[in-house]
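S.K.: Note that numbering that gives the first Met the number 0 has the sequence shown beginning at 0, numbered continuously upward. The beta carbon of each residue, even a glycine, is placed where N, CA and C say it ideally should be.
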Amino acid sequence: MNKVAKIFAERALERGGLYLYSRNDAMECILACQAEKIHLLGIDGFRLTADTIQPSMNDSVDFSSSFFEGDIYEYALASLEKRPEELFFEIVFE
Numbered sequence: 000m001n002k003v004a005k006i007f008a009e010r011a012l013e014r015g016g017l018y019l020y021s022r023n024d025a026m027e028c029i030l031a032c033q034a035e036k037i038h039l040l041g042i043d044g045f046r047l048t049a050d051t052i053q054p055s056m057n058d059s060v061d062f063s064s065s066f067f068e069g070d071i072y073e074y075a076l077a078s079l080e081k082r083p084e085e086l087f088f089e090i091v092f093e
């Protein structure tokens, strides 16, 4: 577990083995990854209820492809800004 993962694990909501972050915490995590030069692989959006986790493909983005061009961090932040506050996010990074 890298430095950023350790710091942000405390803020996460753990569900089904996933560390899920509020939109604001996800954005802060991405900024921390950028500062530490940790490569982002993707963001997965989820809708949560009291006892279920529902993935939202429309609120997820994959950066693992070599075809992605541009600043991943800026794209990730802009993408999260557009998402509803009630969603939670898994941040996948190296």
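My assumption, with CB atoms under 8 Å, is that F62 sits in contact with G44. Please give the rounded CB distance.
M.R.: Cβ-Cβ separation between F62 and G44: approximately 14 Å, too far for a contact (criterion under 8 Å).
S.K.: Whole angstroms are fine: how far does the CA of R46 sit from the CA of Y20?
M.R.: 11 Å
S.K.: Quick one: Cα of M56 to Cα of F88, how far?
M.R.: M56 and F88 have their C-alpha atoms roughly 11 Å apart.
S.K.: Is A25 buried or exposed, if buried means 16 or more other CB atoms sit within 10 Å of its CB?
M.R.: Buried, by the Cβ-count rule.
S.K.: Answer yes if the segment 2-22 comes into contact with the segment 79-87, meaning at least three C-beta pairs across the two stretches below 8 Å, and no otherwise.
M.R.: With the cut-off at 8 Å, the segment 79-87 and the segment 2-22 touch.
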